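Participant:
2 protein chains.
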Amino acid sequence: MSALRNGKTLLFPNRPVIAGWASTVGKKEADGPLADWFDLKMNDSHFGETTWEKAESRMQRMTLGSLLKKTGRKTGDVDVVFSGDLLNQCIGSTFALRATGLPVLGLYGACSTMAEALLLSAAAVNADYCTRAVAMTSSHFASSERQYRFPLGYGGQRTPTAQWTVTGCGAALVAKEGAGPVITAATPGAIADKGIRDANNMGAAMAFAAWQTIRTHLDGIGLGPEAFDAIVTGDLGWLGHQIVAELFAREGVRLEGRYFDCGKMIYDRERQDVHCGGSGCGCSAAVLCSKLLGEMKRGNWKRILFCGTGALLSPVSVQQKESIPAICHAVQIECQ
Amino acid sequence: MSALRNGKTLLFPNRPVIAGWASTVGKKEADGPLADWFDLKMNDSHFGETTWEKAESRMQRMTLGSLLKKTGRKTGDVDVVFSGDLLNQCIGSTFALRATGLPVLGLYGACSTMAEALLLSAAAVNADYCTRAVAMTSSHFASSERQYRFPLGYGGQRTPTAQWTVTGCGAALVAKEGAGPVITAATPGAIADKGIRDANNMGAAMAFAAWQTIRTHLDGIGLGPEAFDAIVTGDLGWLGHQIVAELFAREGVRLEGRYFDCGKMIYDRERQDVHCGGSGCGCSAAVLCSKLLGEMKRGNWKRILFCGTGALLSPVSVQQKESIPAICHAVQIECQ
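Protein chains in written order, with the numbering used here: chain P, 151 to 486; chain V, 151 to 486.
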């Protein structure tokens with residue numbers, strides 16, 4: 151065992167601080183149960199732009215601007231940005247950052263991207279490769295629907311297990327010093343593929359990967375789930391959340407009362423017609439950078455495990471009848 | 151200045167070792183000037199699969215297998231894989247790795263991905279987050295042509311500045327100990343966009359980003375180009391290579407004799423009809439993991455700067471008349 155890892159879990163003894171966070175969401179998310187937690191709420195799905203992709207990019211720029219403002223920082227105070235999104239070739243992130251002059255390390259982890267970015271930001275700051283890193287990602291309902299399914303104008307029908315891609319963005323500033331929750335450990339996940347082929351049932355496709363990474367992380371730090379006030383998966387939705395709870399129940403571990411999912415938290419299932427819940431990179435990013443870190447700031451939660459979950463499919467892989475590989479990265483966050 | 155960075159340049163005092171490397175290429179690359187350097191050469195562009203995407207994924211699996219065999223390692227000896235590719239949602243990499251059980255941190259840096267993966271692998275090993283990391287990426291001429299331009303069957307015409315996407319893959323094992331060249335420093339690049347809109351002139355679009363990162367790196371380590379036996383950009387091709395040389399000449403720095411480009415090296419311009427040269431993630435990855443590291447192993451080169459270059463466009467951004475953002479990450483490699 152090294153000072154910086156145990157098994158597959160990375161340890162961050164220098165306790166990098168999440169010195170600030172910001173979130174932006176669209177109209178539907180602003181109409182949901184977490185409305186009061188978000189920083190920026192846009193009624194205009196186009197964010198003042200002419201295309202959905204430019205809208206998503208603008209949302210990232212707005213969120214980064216909001217993060218810098220909230221933390222009293224200038225663009226040049228940031229050493230590196232870890233970012234990515236769901237759009238082909240990640241143009242949501244790269245076009246958002248092209249005028250900043252900031253070093254960028256681009257990521258693709260599907261909807262696990264926020265956890266991956268947070269893990270790498272914490273690793274970079276903990277090792278003193280940088281003083282301040284930004285972790286950021288987004289998704290947009292309309293750009294995702296067109297790319298993964300159908301253009302909105304087609305009026306496609308949704309199956310009961312389908313999820314609703316969140317229009318949202320989250321950005322976090324991970325720093326060497328400051329006030330805020332600290333990142334103490336993280337586990338990068340392995341890809342799991344249990345043979346599920348239904349692209350409208352991503353919660354089920356991702357559930358095993360989530361269980362696998364949470365189990366690996368708990369083993370790595372030598373604690374049980376009861377050591378956490380909240381274990382929060384990214385976007386498994388109602389079905390995937392239930393499967394993860396059952397996988398733990400099978401090994402005699404009960405998560406009741408401390409296991410949440412961002413895809414369940416962000417919408418009101420009865421009122422908002424989202425079927426199995428929210429999804430998309432922006433789902434876990436916006437929920438992390440609003441309620442999750444907000445509850446920690448208020449002292450309601452002392453330690454959480456943030457578990458970004460990603461379905462690594464593409465429209466082409468679905469057309470080629472491939473099953474859906476999935477991944478989950480876990481990041482442990484604690485109050486100072 | 152910290153022990154691990156100077157300005158924007160990361161320093162790796164623990165000197166992570168590139169303990170092994172492997173490359174796989176297609177028929178055209180095997181017919182080029184670097185033929186003798188590659189490990190695996192496939193006459194069958196389908197790599198025994200039924201689709202181009204599955205072929206690319208198979209190429210990555212073959213290359214990883216070759217890397218493990220050459221280094222005498224088992225899959226389980228690897229702690230983490232940093233990988234990505236050009237396919238939408240990076241299915242070349244994720245489908246290649248889904249059965250390995252290895253932790254995966256997915257990247258998207260377009261054709262700069264190999265340098266990004268190498269930078270992050272070295273950072274992880276240097277900080278003792280892991281003992282062995284794999285950096286891997288690929289591209290395939292046919293999957294890229296279909297995705298970015300036209301299906302091959304259309305017989306599209308190529309403009310004089312167009313480049314030829316390399317069918318190739320490179321994988322490197324970065325380890326705490328072992329024989330082989332060491333990674334001593336690296337500079338993550340910032341996005342540069344000089345307003346070029348011609349998707350068939352990516353060399354010109356990327357040249358400024360390459361100059362910017364090389365300049366930042368040289369400033370960060372306090373050395374001039376003459377300290378390097380070779381400064382090698384990823385896939386600028388003939389035109390982009392010339393622009394970078396001119397940008398340095400303007401500041402009075404002459405790179406003659408020590409500045410190369412993987413996109414120029416991999417094909418014979420006279421004989422192979424590739425217009426401006428090779429491109430794609432697999433271009434710099436395959437050239438790094440064959441000739442570049444091979445020349446170092448033979449002692450012909452003592453210190454090189456490997457500069458992965460990426461054009462961060464997408465077919466959608468081109469359709470929306472956007473200019474082409476570009477990025478370059480630089481990795482300094484030295485003999486032990």
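Glycine included, C-beta positions come from ideal geometry on N, C-alpha and C. For clarity, every value in this text was computed on a predicted model and none was experimentally measured.
Taking the alpha-carbon positions, what's the PRO475(V) to VAL382(V) distance?
Facilitator: 20 Å
Participant: Tell me, please, whether the CB atom of TYR304(V) is closer than 9 Å to any CB atom in chain P?
Facilitator: no
Participant: Using a Cβ cut-off of 8 Å, pull out every chain V residue sitting near GLU203(P), in sequence order please.
Facilitator: VAL466, SER467, GLN470
Participant: Assess, as a yes-or-no matter, whether the stretch 373-390 of chain P is touched by the stretch 401-409 of chain P under the definition of 3 or more beta carbon pairs within less than 8 Å.
Facilitator: yes
Participant: Ordered along the chain, which non-local residues of its own chain (more than five positions away) have a Cβ less than 8 Å from that of PRO301(P)?
Facilitator: Within the same chain, PRO301(P) has close Cβ partners GLU295.
Participant: Going by alpha carbons, who is nearest to ALA329(V) out of GLY198(V), HIS196(V), THR459(V), LYS447(V)?
Facilitator: Here the closest residue by C-alpha is LYS447(V).
Participant: Have a look at CYS431(P) and LEU397(P) and give me their C-alpha separation to the nearest angstrom.
Facilitator: 24 Å
Participant: Taking the CB atoms as reference points, tell me whether TYR427(V) and ASP379(V) lie closer together than 9 Å.
Facilitator: It is Gly, not Tyr, that sits at residue 427(V) in the sequence shown. Against a cut-off of 9 Å, the Cβ pair of ASP379(V) and GLY427(V) comes out as no contact.
Participant: Within the 9 Å Cβ cut-off, does GLN210(V) reach chain P?
Facilitator: no
Participant: In terms of residues, what are the limits of the beta strand (DSSP E) holding LEU487(P)?
Facilitator: Beyond the ends of chain P as shown, which are 151 and 486, falls residue 487(P); an answer cannot be given.
Participant: On the three-state DSSP scale, how would you describe GLU199(V)?
Facilitator: coil
Participant: What residues in its chain sit with their C-beta under 6 Å from that of MET151(V), if we drop five residues either side in the sequence?
Facilitator: Low per-residue confidence applies at MET151(V): pLDDT is 43, beneath 50, and the placement is therefore not dependable enough to give any value.
Participant: Determine, using beta carbons only, whether ARG282(V) and VAL228(V) come nearer to each other than 9 Å.
Facilitator: yes
Participant: What do you reckon, are the CB atoms on THR465(V) and TYR298(V) nearer than 9 Å?
Facilitator: Here residue 465(V) is Pro; the residue named in the question, Thr, does not match the sequence. Yes. Within cutoff.
Participant: Taking only the alpha-carbon atoms, compute the straight-line gap between GLY318(V) and CYS457(P) and give it to the nearest angstrom.
Facilitator: 34 Å
Participant: With a cut-off of 9 Å, does the C-beta of CYS280(V) fall near any C-beta of chain P?
Facilitator: yes
Participant: Taking C-beta pairs closer than 7 Å, name the residues in chain P that GLY248(V) reaches, listed in chain order.
Facilitator: For the record, residue 248(V) in the displayed sequence is Arg; it is not Gly. Under the 7 Å cutoff, chain P gives ILE341, ASP343, PRO475.
Participant: Listed in chain order, which residues of the stretch 250-279 of chain P have Cβ atoms closer than 9 Å to some Cβ of chain V?
Facilitator: THR250, GLY251, LEU252, PRO253, VAL254, LEU255, GLY256, LEU257, TYR258, GLY259, ALA260, SER262, THR263, GLU266, LEU269, LEU270, ALA273, ALA274, ASN276, ALA277, ASP278, TYR279
Participant: Taking only beta-carbon positions, decide if ILE241(V) is within less than 9 Å of chain P.
Facilitator: yes
Participant: So if DSSP puts LEU236(P) in a beta bridge, which residue, or which two residues, is it bridged to?
Facilitator: Bridge partners of LEU236(P): none, in fact.
Participant: Check the Cβ of GLY234(V) against every Cβ in chain P and list those closer than 9 Å, keeping chain order.
Facilitator: GLY256, LEU257, TYR258
Participant: Mapping DSSP to helix, strand and coil, what is MET192(V)?
Facilitator: coil
Participant: Is the beta carbon of LYS177(V) less than 9 Å from the beta carbon of LYS158(V)?
Facilitator: no
Participant: 9 Å is my cut-off, CB to CB: does LEU462(V) come that close to chain C?
Facilitator: Absence of chain C from the displayed structure is noted, the protein chains being P and V.
Participant: Quick one: residues in its chain with C-beta nearer than 7 Å to the C-beta of ILE393(P), no 5 flanking neighbours on either side, listed in chain order?
Facilitator: These residues qualify, in order along the chain: ALA354, ALA357.
Participant: Using a Cβ-Cβ cutoff of less than 6 Å, which residues in the same chain neighbour LEU488(V) once the five nearest sequence positions on both sides are dropped?
Facilitator: Nothing can be reported for residue 488(V): it is not among the residues displayed for chain V, which extend from 151 to 486.
Participant: Using only the alpha-carbon positions, how far apart do ILE416(P) and SER288(V) sit?
Facilitator: 37 Å
Participant: Give, in chain order, every residue of the stretch 161-173 of chain P whose Cβ lies closer than 8 Å to some Cβ of chain V.
Facilitator: none
Participant: Cβ closer than 7 Å: which chain P residues qualify as neighbours of LEU154(V)?
Facilitator: ALA277, ASP278, TYR279
Participant: Whole angstroms is fine: what's the gap from ARG223(V)'s alpha carbon to ALA249(V)'s?
Facilitator: 17 Å
Participant: Skipping 5 residues on each side, what residues in its chain have a beta carbon closer than 7 Å to that of ASP418(P)?
Facilitator: GLY182, PRO183
Participant: Out of GLY370(P), PHE410(P), MET212(P), which has the shortest C-alpha to C-alpha gap to ASN156(P)?
Facilitator: GLY370(P)
Participant: Would THR337(V) count as contacting chain P if we go by Cβ distances under 9 Å?
Facilitator: yes
Participant: Return helix, strand or coil for ASP348(V), following the three-state DSSP convention.
Facilitator: Correct three-state label for ASP348(V): coil.
Participant: Which residues mark the beginning and the end of the beta strand (DSSP E) in which PHE410(V) is found?
Facilitator: It spans 409-411 - the beta strand (DSSP E) in which PHE410(V) sits, taken as one unbroken run.
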